[in-house]
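Since the structure comes first, as structure tokens, the remarks are kept for the end.
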Amino acid sequence: MADSGIGVKDETRGEARVLSPEGDIDLNASPALREVVRGVLESGGAKVVVVDLSMVDYMDSSGVATLVDAMRSARKAGVRLWLSSLGPQVRSIFEIARLDRVFDIASTADEAIERSGGEDG
Amino acid sequence: MADSGIGVKDETRGEARVLSPEGDIDLNASPALREVVRGVLESGGAKVVVVDLSMVDYMDSSGVATLVDAMRSARKAGVRLWLSSLGPQVRSIFEIARLDRVFDIASTADEAIERSGGEDG
Amino acid sequence: MKAPVELSIQSDPVYLAGARELIAALCRRVGFQDEACGQVALAVDEALANVIRHGYDRRTDGPIRVLVWPESEPGVGGIRIVIEDEAKQVDPASIKSRDLDDVRPGGLGVYIMKRVMDGVAHEKREGGVGMRLTMHRAASSDAGVGGSGAEANDG
Amino acid sequence: MKAPVELSIQSDPVYLAGARELIAALCRRVGFQDEACGQVALAVDEALANVIRHGYDRRTDGPIRVLVWPESEPGVGGIRIVIEDEAKQVDPASIKSRDLDDVRPGGLGVYIMKRVMDGVAHEKREGGVGMRLTMHRAASSDAGVGGSGAEANDG
Ligand SMILES: Nc1ncnc2c1ncn2[C@@H]1O[C@H](COP(=O)(O)OP(=O)(O)O)[C@@H](O)[C@H]1O
Ligand SMILES: Nc1ncnc2c1ncn2[C@@H]1O[C@H](COP(=O)(O)OP(=O)(O)O)[C@@H](O)[C@H]1O
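Protein chains in written order, with the working numbering: chain Y, 23 to 143; chain L, 23 to 143; chain H, 2 to 156; chain D, 2 to 156.
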């Protein structure tokens, strides 16, 4: 069997890029998500990147690690990285890991963009 | 392990009795549902009984058999038995079994009661 | 070939839900749509229920093994499932669905399995004890689609 | 005592979802609330991911067995889970969670397992090869409840 286990919707809204992975982010899916996020950060352009987690019902520590990685790469690249739309299971693993205060977390992707001033900027 | 796997809410609405099982109706849960339905039919009183399936996400053929049994007992007892609020999986197993035309099926418990004239008496 | 996934349970209906969820999750990985995942899980549930009721006469401590080969390689996508018990042996020809026009409780399990899977075959296991059921469904299959299929004997 | 439910998978991450769904369904039958079912499934997912990454160094064909004892008898309700592999042996003392104040990718799996289960113990298997992990959680447990528990080292 070989199945990356995840699809990632990729949208541009103003100066922001919104990535919406769909499916469980576990050890099976994390590598594919990592590739997509890396690609977007390396391509430059967007000053704001939102990872919208509304279609992610489940995340384990490999998903959390992928997002911690993404945050670091974003900082280096001068990009503001947001997480948005965390469901209950995803929120709870960030809380358990005490990373809920380390990330910029918004209720929706649009809220993240607004708070970044991305639509005017 | 011993777990009947199901709870059944039991309400009286006018002259009708509304039974709402909650959980998967499989070989594990069917015996408990069978007991509850039998008890209600034997107790007399209600001329209309609705089995509301809104909280049942899954049913297998043992659940279908339980309801076919219930329909027969109801007929003998002069009770009108309705099924209501079938979710997609439940509807599909009735269709596969071609029993969707054998049962009286309503969209909601209230519709079943209304169509029986149960609230006017 | 050894099955990449193997579930062993006792013949107790409390374990049916676990078996269904496992199968549905494996089907999703193979690329089945949600409805098809639910149908394959239903077929496995019906097969296990039959082993418990008919094979073990509702004894709850008989062993049942479910062997699963999920295949997501392009072209050969699908799932193959083998269910083995150590219950009494019966003539495979005696395991058949009833006429659906006869509305009575029971007699639906085998019909459902045949309706939603592309292949369903019972056989006696080697050694004089136990039955084996082999089922498969292709990811591209249209088994179980629509309200009334080819196997429904509309006359 | 033989486990009433036993799952054998190859060390391929594609099978994690199936294992999680099986465990969550068994927890539901034991009377755990939905949140607790999800937490126990998460603990098993983390444990299996560690076997795949650290035990088998991401080889996808190593055997892993998950043995489950769900117990719903009044008073002793809960679930016991044993995970056995045939991977390399390490000193159980080397399997430990990192300091959470050090924000870096990784190092969370063991912390999560300890946080949501009532007991977590790694040991070397007899015979020189493979590790065994034993975890349990009582139905009445308040492990994993709330945003920050006893094990979170707030100083
Ligand atoms: N695993 C099994 N072992 C022995 N007999 C079986 C088994 N599965 C099915 N059968 C036989 O096939 C018949 C049809 O099964 P099924 O369609 O599931 O309906 P039901 O079980 O309600 O009778 C059963 O009545 C039984 O005689
Ligand atoms: N099954 C295992 N076999 C060998 N070593 C393990 C196993 N599980 C965990 N470890 C060790 O324990 C450490 C902590 O594991 P964990 O908390 O899951 O974080 P991470 O795996 O991200 O490092 C690992 O880095 C590894 O050294």
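By construction, the Cβ of each residue, glycine as well, lies at the ideal position given by its N, Cα and C atoms.
Do residue j and residue i count as a contact pair if the criterion is CB distance below 7 Å?
i: H/E87; j: H/G39; result: no
i: D/R66; j: D/S141; result: no
i: D/M114; j: D/E36; result: no
i: Y/M81; j: Y/V124; result: no
i: Y/I118; j: D/R116; result: yes
i: H/L43; j: D/G19; result: no
i: H/R99; j: H/G108; result: yes
i: H/L1; j: H/A4; result: Shown here, chain H extends from 2 to 156; a query on residue 1 of chain H therefore has no answer.
i: D/L134; j: D/I84; result: yes
i: Y/S144; j: Y/A87; result: No statement about residue 144 of chain Y is possible, as the shown extent of chain Y runs from 23 to 143 and does not include it.
i: Y/I47; j: Y/V78; result: yes
i: L/V70; j: L/A38; result: yes
i: L/E44; j: L/G27; result: no
I need the straight-line Cα distance from residue i to residue j, nearest angstrom please.
i: Y/V101; j: Y/V40; result: 13 Å
i: H/L17; j: D/N51; result: 28 Å
i: H/A144; j: H/P64; result: 30 Å
i: L/E133; j: L/G67; result: 20 Å
i: H/H55; j: H/A25; result: 25 Å
i: D/V91; j: D/V121; result: 16 Å
i: Y/E33; j: Y/S42; result: 8 Å
i: D/M136; j: D/S12; result: 19 Å
i: H/G224; j: Y/P53; result: Nothing about residue 224 of chain H can be reported from this structure: the residues present for chain H run from 2 to 156 only.
i: H/E124; j: L/L55; result: 33 Å
i: H/M118; j: H/R59; result: 25 Å
i: D/V41; j: H/I82; result: 27 Å
i: D/R21; j: L/G139; result: 48 Å
i: D/V45; j: Y/K31; result: 29 Å
i: H/L49; j: D/D102; result: 49 Å
i: L/R35; j: Y/S76; result: 39 Å
i: H/Q34; j: D/Q34; result: 28 Å
i: L/R176; j: L/S83; result: The displayed coordinates of chain L run from 23 to 143. Any statement about residue 176 of chain L would go beyond what the structure contains.
Among the candidates the options, whose CA atom is the shortest distance from the CA of residue i?
i: H/M2; options: H/W70, H/S98, H/E74, H/A94; result: H/W70
i: H/P14; options: L/G45, L/A51, L/T34; result: L/A51
i: Y/R137; options: Y/E33, Y/D79, Y/V72; result: Y/V72
i: D/G129; options: D/Q34, D/K89, D/M136, D/R21; result: D/K89
i: L/R60; options: L/L108, L/R94, L/G109; result: L/R94
i: Y/D92; options: Y/P110, Y/L108, Y/G109, Y/V62; result: Per the sequence shown, the amino acid found at residue 92 of chain Y is Ala instead of Asp. Checked all of Y/P110, Y/L108, Y/G109, Y/V62; the closest Cα to Y/A92 is Y/V62.
i: H/T61; options: L/L103, L/A131, L/L49; result: L/L49
i: L/D74; options: L/G109, L/S65, L/G27; result: L/G109
i: Y/D122; options: Y/E44, Y/V30, Y/V90; result: Y/V90
i: L/E57; options: L/R97, L/R120, L/G85, L/G139; result: L/G85
i: H/S73; options: H/M118, H/R21, H/R30, H/E127; result: H/R30
i: L/S65; options: L/S76, L/E44, L/A96; result: L/A96
i: D/P93; options: D/R126, D/R59, D/V45, D/Q34; result: D/R126
i: Y/L103; options: Y/R120, Y/D126, Y/S83; result: Y/D126
Within a Cβ cutoff of 8 Å, which residues of the same chain sit near residue i, ignoring the five residues on either side of it in sequence?
i: H/L27; result: V6, V69, P71, I80
i: H/G78; result: V31, G32, E72, A139, A140, S141
i: D/Y57; result: S12, G63, D86, A88
Which bits of chain A does residue i rub up against, with CB to CB less than 7 Å?
i: D/D46; result: The structure shown contains no chain A; its protein chains are Y, L, H and D.
Starting from the C-beta of residue i, find all residues in its chain whose C-beta is less than 7 Å away, skip the five residues before and the five after it, and write them out in chain order.
i: L/T130; result: S106, S107
i: D/I96; result: V111, H123
Excluding five sequence neighbours on each side, which residues of the same chain lie with their C-beta closer than 6 Å to the C-beta of residue i?
i: H/Y112; result: S98
i: D/D155; result: Residue placement at D/D155 is poorly supported in this model, since its pLDDT is 32, which falls under 50; the coordinates are not used for a value here.
Next on the checklist: Along the stretch 69-83 of chain Y, where does the CB come closer than 8 Å to a CB of chain D? Name the residues.
Outcome noted: Result list: Y80, D82, S83.
Checklist entry - For the stretch 118-132 of chain L, which residues have a CB atom closer than 9 Å to at least one CB atom of chain H, in sequence order? => result So the close ones are I118, A119, R120, L121, D122, V124.
Next on the checklist: What are the residues in the stretch 72-87 of chain H lying within 7 Å of chain L by C-beta distance?
Outcome noted: Nothing from the stretch 72-87 of chain H brings a Cβ to less than 7 Å from some Cβ of chain L.
Next on the checklist: So if I threshold CB-CB distances at 7 Å, which residues from the stretch 6-20 of chain H count as touching chain L?
Outcome noted: Listed in sequence order: D13, P14, V15, L17, A18.
Next on the checklist: If the cut-off is 8 Å on Cβ atoms, which residues from the stretch 55-66 of chain Y count as contacting chain D, listed in chain order?
Outcome noted: Going along the stretch 55-66 of chain Y in chain order, one finds no residue with a Cβ nearer than 8 Å to chain D.
Next on the checklist: Taking beta-carbon pairs under 9 Å, can you tell me which members of the stretch 110-133 of chain D lie near chain Y?
Outcome noted: Listed in chain order, the positions of the stretch 110-133 of chain D with a beta carbon within less than 9 Å of a beta carbon of chain Y are G110, Y112, I113, R116, V117.
Next on the checklist: Counting only Cβ-Cβ distances shorter than 8 Å, please list the residues of the stretch 36-66 of chain H near chain D, keeping chain order.
Outcome noted: From the stretch 36-66 of chain H, no residue has a Cβ closer than 8 Å to chain D.
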